[in-house]
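**Q**
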Amino acid sequence: ETAIPYFYQDVRLFLDDIHRLQQEKSFDLISGVPTYTDEKYYNSILLQPKTATPIASFYKKQHLLPFGEYMPLRGLLNIFKDYVQIPMADFSRGEIVQQPFTIGLNRFAPSICFEAVFGNEIRQNAKNVDVLLNISNDAWFGKSKAQNQHLNIVRMRAIENKKYLIRATNNGITAVISPNGTVEKSLPSFEEGVLIASVIGNDKNTLYSTIGDMPYVISFILWGIIVSVVSAYCNRKRKALS
């Protein structure tokens, strides 16, 4: 996440240098980099292909972190704007459903950081794609249990959608997760390293990726109806006996 800590529009020359290396070594670049359009700022993921004339693709984060990426009640808080300055705290939201990244024959569904907590949102972009992708800056958590907790949450997204999930982090646990949630390869947090792995694409949709949390909602409603009916029946029976 924000591996390139400058706006995309301001680092084009740097990315041109990277592209020359891409063509030499034959690889596609995926990196976190903020972007802006029409006076709106986005926390984004860039896909820069290795093709001779690369056309950049972007995923724009749509579930933003309050106070970290946007200011709730901005109008009310403007009275403090001269006293409190939080860099990059006013990102705009991307669309909920966005185009996947296409690399070769595979399509990737990207997400950023704690977006992976929200399974019902991840599954909407996971439909008909081959691999899930998550980038994150877990330095916020320090060397705490939250590092592993965040990883375990991400593992659930792989299980729900039955797809490989590739996770790249700043100072977190970088990992390749199988469709059954197994961490096949990983790098420890707060250590530099390179992770090389192979994944298998799967563009089939699961029941969860198709209908989401609806079964749970229906179950809660039915349970509420059953409890209400049984409670009413018991109350009537007690009144009849009295």
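For the sequence shown, my numbering begins at 25 and goes up steadily by one.
By construction, the Cβ of each residue, glycine as well, lies at the ideal position given by its N, Cα and C atoms.
Remember, predicted model here, so these are calculated numbers, not experimental data.
If you scan the segment 136-183 from start to end, which runs of the beta strand (DSSP E) of 3 or more residues do you find wholly inside it?
**A** Segments of the beta strand (DSSP E) lying fully in the segment 136-183: 155-161.
**Q** Compare the beta carbon distance of residue 225 and residue 130 with 8 Å and say whether it is the shorter of the two.
**A** Going by C-beta atoms, residue 225 is nearer than 8 Å to residue 130.
**Q** Since residue 156 and residue 187 are thought to touch, with beta carbons under 8 Å apart, how far apart are those beta carbons, to the nearest angstrom?
**A** Confirmed, about 5 Å.
**Q** Mind checking whether residue 135 and residue 146 have CB atoms under 8 Å apart?
**A** In contact: residue 135 and residue 146 (Cβ atoms closer than 8 Å).
**Q** Nearest-angstrom Cα distance between residue 222 and residue 215?
**A** The straight-line gap from Cα to Cα measures roughly 22 Å.
**Q** Using the rule of at least 16 other Cβ atoms within 10 Å of the residue's Cβ for burial, across every protein chain shown, is residue 246 buried or exposed?
**A** Per the 10 Å Cβ criterion, exposed.
**Q** Write down every uninterrupted run of the alpha helix (DSSP H) in the segment 175-248 whose length is 4 residues or greater and which is fully enclosed by it, in chain order.
**A** Complete alpha helix (DSSP H) runs here, min 4: 231-235.
**Q** Which residues mark the beginning and the end of the alpha helix (DSSP H) in which residue 45 is found?
**A** Note, residue 45: alpha helix (DSSP H), 36-49.
**Q** Taking a contact to mean a Cβ-Cβ separation below 8 Å, would you say residue 151 touches residue 233 in this structure?
**A** Closer than 8 Å, so yes.
**Q** Please identify the residue among 31, 38, 73, 37 whose C-alpha is closest to the C-alpha of residue 49.
**A** With distances taken between Cα atoms, residue 49 lies closest to 73.
**Q** Starting from residue 65, follow the beta strand (DSSP E) in both directions and report where the run begins and ends.
**A** Segment 64-66, the beta strand (DSSP E) holding residue 65.
**Q** Determine the DSSP secondary structure at residue 30, reduced to helix, strand or coil.
**A** Residue 30 falls in the coil class under three-state DSSP.
**Q** Hey, how far is the Cα of residue 239 from the Cα of residue 58?
**A** Between residue 239 and residue 58, the C-alpha separation is close to 37 Å.
**Q** In angstroms, rounded to a whole number, what distance separates the CA positions of residue 178 and residue 141?
**A** In a straight line, the C-alpha of residue 178 is about 7 Å away from that of residue 141.
**Q** Assign residue 263 to one of three DSSP states: helix, strand, or coil.
**A** Three-state result, residue 263: helix.
**Q** How long is the line joining the alpha carbons of residue 213 and residue 198, rounded to whole angstroms?
**A** Cα-Cα distance, rounded: 8 Å.
**Q** Starting from residue 84, trace the beta strand (DSSP E) both ways and give me its first and last residue.
**A** Taken as a continuous stretch (DSSP letters only), the beta strand (DSSP E) holding residue 84 covers 81-84.
**Q** Tell me which residue opens and which closes the beta strand (DSSP E) that residue 116 is part of.
**A** Per DSSP, residue 116 belongs to no beta strand (DSSP E) and is neither H nor E.
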